[in-house]
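K.L.:
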Amino acid sequence: MQITVPEFRAAKTKGAKLAVVTAYDYTSARLCDESGVDAILVGDSVGMVVQGHPNSLPVTLAEMIYHTKCVMRGVKQALVVGDLPFMTYQVSAKQAVRSAGRLMKESGAHAVKLEGGVRMRAAIRACVDAGIPVMAHVGLTPQSVHQMGGFKVQRDADALLADIAAVEEAGAFAAVVESVPADLGAKLTASVTIPTIGIGAGAGCDGQVLVFHDLLGLYPDFKPKFAKRYADLGAAVKTAVESYCNEVRTGAFPAAEHTFR
Ligand code: KIV
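What follows is the structure, given as structure tokens:
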């Protein structure tokens, strides 16, 4: 059964922790879905872990629609949230509705995510009024990396409490909370009725999200402190591809069982 937005939101009242992971293509989405995640975020982190950029700023709406479409084909149960990329919603509430509408309509995503608290209140409200479920994102907002002076832990408790209150009031059904001290993550979580999905925000959040490539040890460029590696698939891939190269070079592959007669 497909997990719906109201069910995802209601998990907080039931005290059920939410497990969210990012995915960007059919195969990884299918593997995550079959592993029982509650939601898949098609994050604009695709710009770093798939496209190789130093941040998510270059990602376009057309690319997010493409990746979200691929993910949708692999998912039967998880809630799928598509990320709105940089400069596709910050200009005005109207622009936010247009971009979120395109992402939902063209990809089939169940909801969208956008970054920002108080300053995104009008955009969130306009999307929700148009029937578009919005997951908010407060704390470290990677699309503002240059304004924030880098990927830094956010510690301004008053500003963050105002941000999370604003997104709840505007109608967001959940909020990602990124890179805040654990006690502040717990405080933000206790201050709202919507679930908080933490990434580097401590165990007090209502759920957690990890980037697929971080969880599996596939992204060599950078390992954030908050990312736990549950496997070292990067090393496994290298060993497998090296074996393949050796076998091609020695003639061991293809063997009889890989050959048509
Ligand atoms: O783009 C992304 O993957 C995200 C998560 C890190 C929350 O925003």
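Under our numbering, the letters of the sequence shown match residues 8 to 268, in that order. All C-beta atoms in this analysis are idealised placements derived from N, C-alpha and C, irrespective of residue type, glycine included.
Look at the alpha carbon of E175 and the alpha carbon of C77, and state the distance between them as a whole number of angstroms.
P.N.:
In a straight line, the C-alpha of E175 is about 30 Å away from that of C77.
K.L.:
One question on the structure: do T200 and C212 come within less than 8 Å of each other, judged by their Cβ atoms?
P.N.:
For T200 and C212, no; Cβs fall outside 8 Å.
K.L.:
Provide the residue span of the alpha helix (DSSP H) that contains I72, from first to last.
P.N.:
Element bounds for I72: 68-80.
K.L.:
Note the first and the last residue of the continuous beta strand (DSSP E) segment covering D90.
P.N.:
Run containing D90: 86-90, per the beta strand (DSSP E) assignment.
K.L.:
Consult DSSP for T34 and reduce its assignment to one of helix, strand or coil.
P.N.:
If DSSP states are grouped into helix, strand and coil, T34 belongs with the helices.
K.L.:
Could you give the distance in angstroms between the alpha-carbon of S250 and the alpha-carbon of V244?
P.N.:
Approximately 10 Å, taken between the alpha carbons.
K.L.:
Tell me which same chain residues have a C-beta within less than 6 Å of the C-beta of N62, skipping the five on either side of it?
P.N.:
Result list for N62: V152, in chain order.
K.L.:
I'd like to confirm the pairing. Which residues does DSSP put opposite L48 in its beta bridges?
P.N.:
Per DSSP, T29, V88.
K.L.:
Check for me: the beta strand (DSSP E) holding E185 runs from which residue to which?
P.N.:
Run containing E185: 181-185, per the beta strand (DSSP E) assignment.
K.L.:
Within this structure, are the beta carbons of M8 and Q84 separated by less than 8 Å?
P.N.:
Yes, these two residues count as a Cβ contact at 8 Å.
K.L.:
Note down the Cα distance separating F267 from A259, rounded to an integer number of angstroms.
P.N.:
Near 16 Å, if we compare the C-alpha coordinates of A259 and F267.
K.L.:
Fully enclosed by the stretch 156-244, which beta strand (DSSP E) runs are 3 residues long or longer?
P.N.:
Listed in chain order, they are 181-185, 203-206, 214-217.
K.L.:
Check whether the Cβ of H220 lies closer than 7 Å to any heavy atom of the ligand KIV, and answer yes or no.
P.N.:
Not so, every heavy atom of the ligand KIV lies at least 7 Å from the Cβ.
K.L.:
Closest by CA to G224, which one among G108, G241, K112, A208?
P.N.:
For the residues G108, G241, K112, A208, the minimum Cα distance to G224 belongs to G241.
K.L.:
What is the DSSP secondary structure of A247, counted as helix, strand or coil?
P.N.:
Helix, per DSSP.
K.L.:
Taking C-alpha atoms, which residue in A164, P149, D163 lies nearest to G157?
P.N.:
Checked all of A164, P149, D163; the closest Cα to G157 is P149.
K.L.:
By a C-beta neighbour count over all protein chains shown, 10 Å radius and 16 as the cutoff for buried, is F229 buried or exposed?
P.N.:
Label assigned to F229: exposed.
K.L.:
Any idea what DSSP makes of K24, helix, strand or coil?
P.N.:
If DSSP states are grouped into helix, strand and coil, K24 belongs with coil.
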